[in-house]
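Counting from 1249, one number per residue, gives the positions in the sequence shown under the numbering used here.
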Amino acid sequence: MIEAMNARILPGDDPEALAAAADAIRAGDPVAFPTETVYGLGANALDPLAVARVFEAKDRPSFDPLIVHIAAVGELKSYDDLVDPRVERLAARFWPGPLTLVLRKRALIPGIVTAGLDTVGLRVPDHPVALRLIAASGRPIAAPSANRFGGLSPTRAEHVQRQLGDRIGLILDGGPTRIGVESTVVLLAGGRRTLLRPGGLPVEEIEAEIGPLEVEPGAALADDARGRHAHEQPARSPGRMTAHYAPGVPLVIVPPEIPVAVAPGERVGLLAASAAGRERAEALGARFAAVEVPAPDGDPLPLAAGLFEALHRLDAAELDRIVAQPVPEVGLGRAIMDRLRRAAAGSDSSGTGGAGQPKR
Ligand code: TXA
Ligand code: MG
């Protein structure tokens, strides 16, 4: 049973707030905290009961494993006994940062963290509040993104409050997150080199260090963000569910040169890839009820950083539909398109896709 709570939002740079958060982690209570990618909902990774509370607060199905956040590259040794030169190389080059390495799991990590898999995802986040929280609690912190399962990832404390505020006690506020999309997830266990999720660290940068990555074939495993049709079996890359990161209204991806038909009285929102993309769409006659242009120049960096923020705002604008413009799939563009496709699949109004709207 979840007791009704009302999360306190405390400044992440306040030592007292941090001490309270560290106490909560040690006591087995989940705490939401900022990272450079998105906000996470953290719990002591070594305490199965605390981790269960995270699954419960998110309505997350138990077959989807959590990332374990550690404070320093040196701690890797206590989780990964078969240290692989590629792991050391990537960790040294990109940690702290938006890269999750999936390695062979050690026995000290409870099975609930990894959904029964024999691998564990590890990362050192690049955010002072996250690093201080891990250090102050003296525990590795298992944390998924701090949204309801299938919902939009939070890039601000208020986004967490809106989705989970009645289910958790404490949110550390670190302002808007810098990168805005989740970490890139790479499987290296068992000699593999497989991209499981494109994210905040461009694949090209990883490949420059360790050579080409494989992409998991048949990447989409489950077809419903709420797991209605999902197999309860642990899958190798369970997070690659098609429907995910979904706003509460249907989202479609439409290039700017294709006219958007808006029916009389229909409220359509536009997530434009650039100011030029917006002009182009409007020049073709569409009248939008709300428009978001996170990156006027079309740069992928501000677009990634502002993507979920823009979707959260459009989600709140009482629209009938959201139209998002695509971007080239290079660098951060891969993560952006991955999230847009999942938002499109998850918001599918045709029936199977669970809308990401939190239940009230
Ligand atoms: O940037 C991020 O990664 C954020 C911040 C909070 O660190 N976290 C995040 O967690 O996005 P989550 O749970 O929303 O996504 C974690 C992804 C999921 O796709 C999950 O399936 C995958 O990582 N993952 C975690 N452990 C895994 C494992 N052992 N094997 C395969 N995939 C794994
Ligand atoms: Mg997530």
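Beta carbons: idealized from backbone N, C-alpha and C, even for Gly.
**Prompt:** Which residues in the same chain as Asp-1563 place their Cβ atom closer than 6 Å to its Cβ, once the five residues preceding and following it in sequence are excluded?
**Reply:** Residue 1563 sits at position 315 when you count from the first residue of the sequence shown. Excluding sequence neighbours, Asp-1563 sits near Pro-1495, Gly-1496.
**Item:** Arg-1589 versus Glu-1284 - alpha carbon distance
**Value:** As a position in the sequence shown, residue 1589 is number 341, starting the count at 1. As a position in the sequence shown, residue 1284 is number 36, starting the count at 1. Rounded to the nearest whole angstrom, the CA to CA distance from Arg-1589 to Glu-1284 is 23 Å.
**With 16 other Cβ atoms within 10 Å as the buried cut-off, status of Asn-1292** = On the sequence shown, position 44 is the one that residue 1292 refers to. Buried, because 16 or more other Cβ atoms sit within 10 Å of the Cβ of Asn-1292.
**Message:** With a threshold of 8 Å on Cβ separation, who are the neighbours of Gly-1459 within its own chain once the five nearest residues in sequence on each side are excluded?
**Reply:** Start at 1 with the first residue of the sequence shown, and residue 1459 comes out as number 211. Only Arg-1441 meet the Cβ criterion.
**Item:** 8 Å Cβ shell around Pro-1503 - same chain, five flanking residues per side excluded
**Value:** The sequence position of residue 1503 within the sequence shown is 255, counting from 1. Same-chain partners within the cutoff: Gln-1573, Pro-1574.
**Item:** Per DSSP, cross-strand counterpart(s) of Ala-1280
**Value:** On the sequence shown, residue 1280 is found 32 positions in, with the first residue counted as 1. For Ala-1280, which the question treats as bridged, DSSP gives the partners Leu-1289, Ile-1419.
**Request:** Using only the heavy atoms of the ligand TXA, determine whether one of them is closer than 7 Å to the beta carbon of Ser-1393.
**Result:** Along the sequence shown, one-based indexing puts residue 1393 at 145. Yes - the ligand TXA has a heavy atom lying nearer than 7 Å to the Cβ of Ser-1393.
**Item:** C-alpha gap between Ala-1269 and Arg-1387, whole angstroms
**Value:** Indexing the sequence shown from 1 puts residue 1269 at position 21. Indexing the sequence shown from 1 puts residue 1387 at position 139. Computed Cα separation, rounded: 12 Å.
**Under 8 Å between C-beta atoms of Gln-1411 and Gly-1399** = Numbered from its first residue, the sequence shown carries residue 1411 at position 163. Numbered from its first residue, the sequence shown carries residue 1399 at position 151. In contact: Gln-1411 and Gly-1399 (Cβ atoms closer than 8 Å).
**Paired residues, beta bridge with Val-1350 - DSSP** = The sequence position of residue 1350 within the sequence shown is 102, counting from 1. Bridge partners of Val-1350: Gly-1369, Leu-1435.
**Request:** Excluding the 5 residues preceding and the 5 following Gly-1525 in the sequence, name in chain order all residues of the same chain whose CB lies nearer than 6 Å to its CB.
**Result:** As a working note, residue 1525 is residue 277 in the sequence shown. Excluding sequence neighbours, Gly-1525 sits near Pro-1504, Gln-1573.
**Message:** Taking its Cβ as the centre, do 16 or more other Cβ atoms sit within 10 Å of Gly-1290, making it buried, or is it exposed?
**Reply:** Numbered from 1 along the sequence shown, position 42 holds the residue referred to as residue 1290. Under this definition Gly-1290 is a buried residue.
**Item:** Helix, strand or coil at Thr-1362 according to DSSP, with G and I counted as helix
**Value:** The residue you call residue 1362 lines up with position 114 of the sequence shown. Helix.
**Prompt:** Taking the C-alpha atoms as reference points, what is the distance between Val-1500 and Ala-1305?
**Reply:** Along the sequence shown, read from residue 1 onward, the residue named residue 1500 stands at position 252. Along the sequence shown, read from residue 1 onward, the residue named residue 1305 stands at position 57. Val-1500 and Ala-1305: Cα-Cα distance of roughly 29 Å.
**Request:** Counting only the same chain and skipping the five closest in sequence on each side, list residues whose C-beta sits under 7 Å from that of Ala-1265.
**Result:** Position 17 of the sequence shown holds residue 1265. These residues qualify, in order along the chain: Leu-1258, Pro-1259, Leu-1420.
**Asked** Using a Cβ-Cβ cut-off of 6 Å (strictly less than) and excluding sequence neighbours within five positions of Gln-1481, which residues of its own chain qualify?
**Response** Along the sequence shown, one-based indexing puts residue 1481 at 233. Low local confidence applies: a pLDDT of 37 at Gln-1481 is under 50, so the model's placement there is unreliable, with the coordinate-based value given in what follows. Around Gln-1481: no qualifying Cβ.
**Item:** Val-1516 versus Pro-1542 - alpha carbon distance
**Value:** Locating residue 1516 in the sequence shown gives position 268, where the first residue counts as 1. Locating residue 1542 in the sequence shown gives position 294, where the first residue counts as 1. Cα to Cα, the separation comes out at about 17 Å.
**Request:** State yes or no: is the C-beta of Val-1302 within less than 8 Å of the C-beta of Pro-1376?
**Result:** Here the question's residue 1302 lines up with position 54 in the sequence shown. Here the question's residue 1376 lines up with position 128 in the sequence shown. Between Val-1302 and Pro-1376, the gap from beta carbon to beta carbon reaches 8 Å or more.
**Message:** Can you check which of these residues, Tyr-1327, Phe-1311, Val-1451, Gly-1288, is closest to Ile-1360 by C-alpha distance?
**Reply:** The sequence position of residue 1360 within the sequence shown is 112, counting from 1. For the residues Tyr-1327, Phe-1311, Val-1451, Gly-1288, the minimum Cα distance to Ile-1360 belongs to Phe-1311.
**Message:** Assuming Glu-1304 is part of the alpha helix (DSSP H), what are its boundary residues?
**Reply:** Within the sequence shown, residue 1304 is the residue found at index 56, counting from 1. Note, Glu-1304: alpha helix (DSSP H), 1296 to 1306.
**Request:** Starting from Pro-1517, trace the alpha helix (DSSP H) both ways and give me its first and last residue.
**Result:** The residue labelled residue 1517 in the question sits at position 269 within the sequence shown. According to the sequence displayed, residue 1517 carries Gly and not Pro. Counted as a single uninterrupted DSSP element, the stretch harbouring Gly-1517 is not any alpha helix (DSSP H) but the beta strand (DSSP E) occupying residues 1516 to 1519.
**Asked** Hey, does Pro-1373 have any beta-carbon neighbour from chain B nearer than 8 Å?
**Response** No chain B appears in the structure shown, which is made up of a single protein chain.
**Asked** Is Glu-1430 near the ligand TXA, in the sense that its beta carbon is under 7 Å from a heavy atom of that ligand?
**Response** On the sequence shown, position 182 is the one that residue 1430 refers to. The beta carbon of Glu-1430 sits closer than 7 Å to at least one heavy atom of the ligand TXA.
**Request:** Kindly identify the DSSP beta-bridge partner or partners of Glu-1462.
**Result:** Residue mapping note: residue 1462 aligns to position 214 of the sequence shown, counting from 1. According to DSSP, Glu-1462 bridges with Thr-1442.
**Message:** Any heavy atom of the ligand MG closer than 7 Å to the beta-carbon of Ser-1326?
**Reply:** Position 78 of the sequence shown, counted from the start, is the residue given in the question as residue 1326. No, Cβ of Ser-1326 sits at least 7 Å from all heavy atoms of the ligand MG.
**Request:** For Arg-1561, I'd like the list of residues in its chain whose CB is within less than 7 Å of its CB, leaving aside the five on either flank, ordered along the chain.
**Result:** Translated into positions along the sequence shown, residue 1561 becomes position 313. Around Arg-1561: Glu-1540.
**Asked** Which of helix, strand or coil does DSSP assign to Ser-1385?
**Response** As a working note, residue 1385 is residue 137 in the sequence shown. Looking at Ser-1385 - three-state DSSP - the assignment turns out to be helix.
**Request:** Can you grab the Cα-Cα spacing for the pair Glu-1557 / Glu-1527, in whole Å?
**Result:** Translated into positions along the sequence shown, residue 1557 becomes position 309. Translated into positions along the sequence shown, residue 1527 becomes position 279. So the alpha carbons of these two residues sit roughly 21 Å apart.
**Request:** Check Pro-1309 in the structure and name its three-state DSSP category.
**Result:** On the sequence shown, residue 1309 is found 61 positions in, with the first residue counted as 1. Here Pro-1309 sits in coil by DSSP.
**Asked** Taking the Cβ atom as the reference point for each residue, do Ile-1570 and Leu-1532 lie within a distance shorter than 8 Å?
**Response** The count along the sequence shown starts at 1 and reaches residue 1570 at position 322. The count along the sequence shown starts at 1 and reaches residue 1532 at position 284. Not in contact: Ile-1570 and Leu-1532 (Cβ atoms no closer than 8 Å).
**Request:** Tell me whether Val-1331 is buried or exposed, calling it buried when 16 or more other Cβ atoms sit within 10 Å of its Cβ.
**Result:** As a first step, residue 1331 must be located in the sequence shown, where it is residue number 83. That one is exposed.
**Item:** the segment 1349 to 1359 in contact with the segment 1272 to 1284 per 3-pair CB rule at 8 Å
**Value:** no
**Asked** Is Ser-1385 near the ligand MG, judged by its Cβ being under 7 Å from some heavy atom?
**Response** Counted from its first residue, the sequence shown places residue 1385 at position 137. The nearest non-hydrogen atom of the ligand MG is 7 Å or more from the C-beta of Ser-1385.
**Request:** From the DSSP output, read off the bridge partner residues of Ser-1393.
**Result:** In the sequence shown, the residue the question calls residue 1393 occupies position 145. Partner(s): Gly-1288.
**Asked** For Ser-1385, which option in Ala-1267, Pro-1263, Gly-1594 has the closest C-alpha, if you only look at C-alpha atoms?
**Response** On the sequence shown, residue 1385 is found 137 positions in, with the first residue counted as 1. Nearest option by C-alpha distance: Ala-1267.
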